[in-house]
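According to mature numbering (1 follows the signal peptide of the UniProt record, and there is no 0), the residues represented by the sequence shown are -30 to -1, 1 to 470, in order.
Glycine is no exception: its CB is placed at the ideal position from the N, C-alpha and C atoms.
Comments concern the structure below.
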Amino acid sequence: MRISPSRRALAVATVTTLALTALGSVAGYAADEPESTPVPIVTPDGALFSYVVNTEHTSLRETLLAIKAVTRADGVVVQAWPQIGVVVAHSANGSFREDVLAADRTGVIDSVGATRTVSPTEGTHGAETAAGAQKSKSVVGQAKKDVVGDTVEDQSRTAVVPDPGEATQWDMEMIKADEALAVNPGSSAVTVGVLDSGIDAAHPDLATQVDADQSVNCTDGGRPDMSATGWLPTTSDHGTHVAGTIAAAQNGVGIVGVAPGVKMASVKVVNDDGYIYPEYAICGFIWAGMHRMEVTNNSYYIDPFMYWCEDQPDQYAAKEAVRRAVDFSTKRGVVHAAAAGNAATDLANNTTDASSPNDSTAVQRVINSGCEDIPAELDGVVTVSSLTQATNLSSFSNRGLGKIDVSAPGSAILSTELNGTWDLKSGTSMASPHVAGVLALMKSAHPRWTPAQLEAAVRAQADDHDCTTTTAGPACVGGLAENSFYGDGIADALDAVTLN
């Protein structure tokens, strides 16, 4: 997803289509649909590229065997995730994909694919040894967060002076967050992982809200960087704006977030060029699961493809690795909110894409139902469309019957900015954090609820809204209970803290 408007395009050589077969690659689309247009990722000898190698099963043994195959194929392991059977590797061997499959002497590799169409700017790393893979596994046990009990902490508070910006926060009124605040501002036992470009923890509205111990930088090739400043923003204010909507403090300064009582972790998955590559997102989701966060917000799509197609070997492998990471964190108690996207597209009926790959030269391509916007279209993710102050679908927002779960305000949203300021931004990126905040409130009120229960409840509690199709805009499909613009309705923060 292009977060930084100053990001420059990178060139890539054009050559003939690669003849590559990845084990485990499947069609992933209906029999009456066309194949997606091939987009070969060219990997010439001598040029460094990043890959994911997925094993058949999620075991330490198979991960160690895959690591051996990577080494035999002249690859360097950057990060091993035996929890999900994924190895992130760098290699300057142009035939690495074929060679790693040939080097797989025990048949444990499911698929392998390049994660981007250009060389990684963050460079390569020292080879991961078998002991290193064992260490990756042991991190799970060491990084466990204390399990939240069944008792909600006392939320009684002294009266506070209204924050100056509250009067202009129409978005909070629309989702009834202002009313929910008086009932339950959220529990400090709940952490929202903000998978984004970093959070300015020095901002007066955020200084008390960010848990540095749970924060991490995942843009070092997909390897967790736990340095004290790695997770801070560098070139983008995007994550800081998102964070303010979720949980800006109720402190008499600036604005108030949906759930000011919860904590946030800055999980940096956006590099300095503005890209969120698969290995960064994988690291972010695994980190959230290892630390047993309760919610993540994902205001992005994973680069360099707006839609990742399962009938393309490289795209299949990367998509499968991300899916595993999302599934891992979900199984460990994390519920996910994600932006639907800003292409003004019907996700349920889209057949073309002219924006991918976005890190080199985009091509006009045919896509099918196996081509998905990730993480928004993955199972276990609450997908959010954007609304205007008039409760209309924002002109830029993606839509789709059966694709949108709920809707929330996303046009001209006031939130926190870098250097202690506040500003307006628009996008489904601004809508998703409203829902992440609602999910955090819901988890605060119902500590024992699972991600599936939270996902079902946020949809069931959403305020029904009928179609608002105009002659100038796209057609809305569906009825009051569910439609392509609003999904199951507008997210409701008050219901989240008052309904059982």
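Distances from the CA of Ala318 to each of Ala406, Phe455 and Gly192 were compared; the closest alpha carbon is that of Phe455.
In the displayed model, Trp419 falls within coil according to three-state DSSP, outside both helix and strand. Rounded to the nearest whole angstrom, the C-alpha separation of Pro345 and Tyr271 is 6 Å. With a 10 Å radius around the Cβ and a threshold of 16 neighbouring Cβ atoms, Gly222 comes out exposed. Under the 8 Å Cβ criterion, the region 190 to 198 does not count as touching the region 381 to 395, having fewer than three qualifying pairs.
In the DSSP annotation of this structure, the continuous segment of the alpha helix (DSSP H) that includes Gly254 starts and ends at Pro248 to Met260. Take the alpha-carbon of Asp297 and the one of Val56: they are about 13 Å apart. By the CB criterion at 8 Å, Glu264 and Thr361 fall outside the cutoff.
Counting along the chain, the unbroken beta strand (DSSP E) around His306 starts and ends at Val305 to Ala309. The DSSP-derived three-state label of Glu26 is coil. The secondary-structure analysis by DSSP pairs Gly448 across a beta bridge with Asn453. Residue pairing for Glu387: DSSP places it in a beta bridge opposite Thr391. The beta carbon of Pro90 sits closer than 7 Å to those of Leu18, Ser20, His60 and Gly191, all from its chain and outside the five residues before and after it, given in chain order. Buried is the label assigned to Leu34, since at least 16 other Cβ atoms lie within 10 Å of its Cβ. Distances from the CA of Ser364 to each of Cys446, Gly45, Ala219 and Leu348 were compared; the closest alpha carbon is that of Cys446.
Taking all protein chains shown into account, Ala313 has 16 or more neighbouring C-beta atoms within 10 Å of its C-beta and is therefore buried. Looking at the DSSP output, Arg335 shares a beta bridge with Asp323.
Between Glu452 and Val354, the alpha-carbon positions lie close to 13 Å from each other.
Judged by their CB atoms, Leu411 and Leu424 are not nearer to each other than the 8 Å cut-off.
Setting aside the 5 residues that flank it on each side, Val292 is surrounded in the same chain by Pro248, Ala251, Ile252, Ile272, Ile344 and Pro345, each with a C-beta closer than 7 Å to its C-beta; the list follows chain order. Pairing Ser269 with Thr215, the inter-Cα distance amounts to about 12 Å. The beta carbons of Ser167 and Val237 sit about 10 Å from each other, so the pair does not count as a contact at 8 Å. Annotation for Gln49: the continuous beta strand (DSSP E) segment containing it runs Gly45 to Trp51. Residue burial annotation: Asp170 is buried, with at least 16 other C-beta atoms found within 10 angstroms of its C-beta.
Counting C-beta atoms within 10 angstroms of its own C-beta, Ala229 has 16 or more neighbours from the protein chains shown and is therefore classed as buried. When only Cα atoms are considered, Thr199 and Thr322 end up about 41 Å apart.
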